[in-house]
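Data first, discussion second: the structure below is written as structure tokens.
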Amino acid sequence: MPDRIEAGSFLILGALAARELSITNCNPCHFESLIELLTESGVQMKIGKSEIIVRGKKTRAQKTYGAVSVKTHEYPGFPTDLQAPMVVFLTQTKGESTIFETIFEGRLSYAEQLSRMGASIEALDMHRVRVKGETLLQGKVLESTDLRAGLAFVIAAIIAKGESVVHNVYNIDRGYENLDERLREVGVSIRRVAA
Numbered sequence: 000m001p002d003r004i005e006a007g008s009f010l011i012l013g014a015l016a017a018r019e020l021s022i023t024n025c026n027p028c029h030f031e032s033l034i035e036l037l038t039e040s041g042v043q044m045k046i047g048k049s050e051i052i053v054r055g056k057k058t059r060a061q062k063t064y065g066a067v068s069v070k071t072h073e074y075p076g077f078p079t080d081l082q083a084p085m086v087v088f089l090t091q092t093k094g095e096s097t098i099f100e101t102i103f104e105g106r107l108s109y110a111e112q113l114s115r116m117g118a119s120i121e122a123l124d125m126h127r128v129r130v131k132g133e134t135l136l137q138g139k140v141l142e143s144t145d146l147r148a149g150l151a152f153v154i155a156a157i158i159a160k161g162e163s164v165v166h167n168v169y170n171i172d173r174g175y176e177n178l179d180e181r182l183r184e185v186g187v188s189i190r191r192v193a194a
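If you read the sequence shown in numbering that gives the first Met the number 0, its first letter stands for residue 0, the second for the next number, and so on.
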């Protein structure tokens, strides 16, 4: 069965950093809530039965995406496991967005590190944050506290100005096989270094 979280994460990355990115061997029906939000924001996609082609900001005459608000929910709602990468996406939209995490407490704690990169993120309470965009992110040294936040930091590092270092990549490795190799295959300048 295709991994909807991995496919959705690459869809967000493609919207932010690619001219065009094909996500294959996926089932777009499994993450329709993400597709709907990205479409509402202005992301251009071509959706097939088992493939999505996303055309990112680099190919668009209109260089900004619009703000959207996100509320996590059990399947088929917006996956809590995509809310960290989605917050990175929202830092690059024009306007004010909110994220409402309805499933887990403390799942938004990574936002403080994104703020250190230059993101404008305000904690409203332990379940909600407000993101104001569009902001230029700056490379930083980041600590991956969990699998999903770790991937969000990698996505943020890819679009940030300058170099970033993400520690505790073993957290990311638990959910994304050979991530650094696969990112290099699509043109990302990334390398794994010994601690």
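Ideal Cβ placement from N, Cα and C applies to all residues, glycine included. Note that the structure is predicted; figures quoted are calculated from it, not measured.
Q) Would you say Ala156 and Val168 are within 8 Å of each other, going by their C-beta atoms? A) no
Q. For Val153 and chain C, any beta-carbon pair shorter than 8 Å?
A. Of the chains in the structure shown, none is chain C; there is only one protein chain.
Q | Residue span of the beta strand (DSSP E) that contains Gly132, given as start and end | A | 127-132
Q.
Quick check: Pro75 and Ser32, are their CB atoms within less than 8 Å of each other?
A. yes
Q: If I'm right that Leu37 touches Leu20 with Cβ under 8 Å, what's the distance once you round it to whole angstroms?
A: The pair is not a contact, with the Cβ atoms about 13 Å apart (cut-off 8 Å).
Q: Look at Val53 and Gly13 and say whether their C-beta atoms are less than 8 Å apart.
A: yes
Q: Give the range of the alpha helix (DSSP H) segment to which Leu136 is assigned.
A: Note, Leu136: premise wrong, no alpha helix (DSSP H); not H, not E.
Q.
In chain order, what are the residue ranges of uninterrupted alpha helix (DSSP H) at least 4 long that sit wholly in the stretch 1-66?
A. 3-16, 31-40
(Q) Please report the straight-line C-alpha distance between Asn24 and Asp2, rounded to a whole angstrom. (A) 9 Å
Q: Please state if the CB of Thr90 and the CB of Leu136 are separated by a distance shorter than 8 Å.
A: yes
Q | Asn177, buried or exposed, once every other Cβ within 10 Å from all chains shown has been counted against 16 | A | exposed
Q) Looking only at DSSP bridge pairs, what is Asp145 linked to? A) None, per the DSSP bridge assignment.
Q) Can you list, in chain order, the residues of its chain whose CB lies under 6 Å from that of Ile154, leaving out five sequence neighbours each side? A) Leu12, Pro84, Val87
Q.
What does the Cβ neighbour count give for Glu73, buried or exposed, with the cut at 16 atoms within 10 Å?
A. exposed
Q: Would you tell me roughly how many angstroms separate the C-alpha atoms of Glu104 and Arg191, rounded to the nearest one?
A: 31 Å
**Q.** Ala66 and Tyr109 closer than 8 Å at C-beta
**A.** no
Q. Smallest Cα separation from Leu119: which of Thr101, Glu180, Thr97?
A. The residue asked about is misnamed: residue 119 is Ser in this sequence, not Leu. Comparing Cα-Cα distances from Ser119 to each of Thr101, Glu180, Thr97, the minimum goes to Thr97.
Q) Taking all protein chains shown into account, do 16 or more other C-beta atoms lie within 10 angstroms of the C-beta of Leu123, making it buried, or fewer, making it exposed? A) exposed
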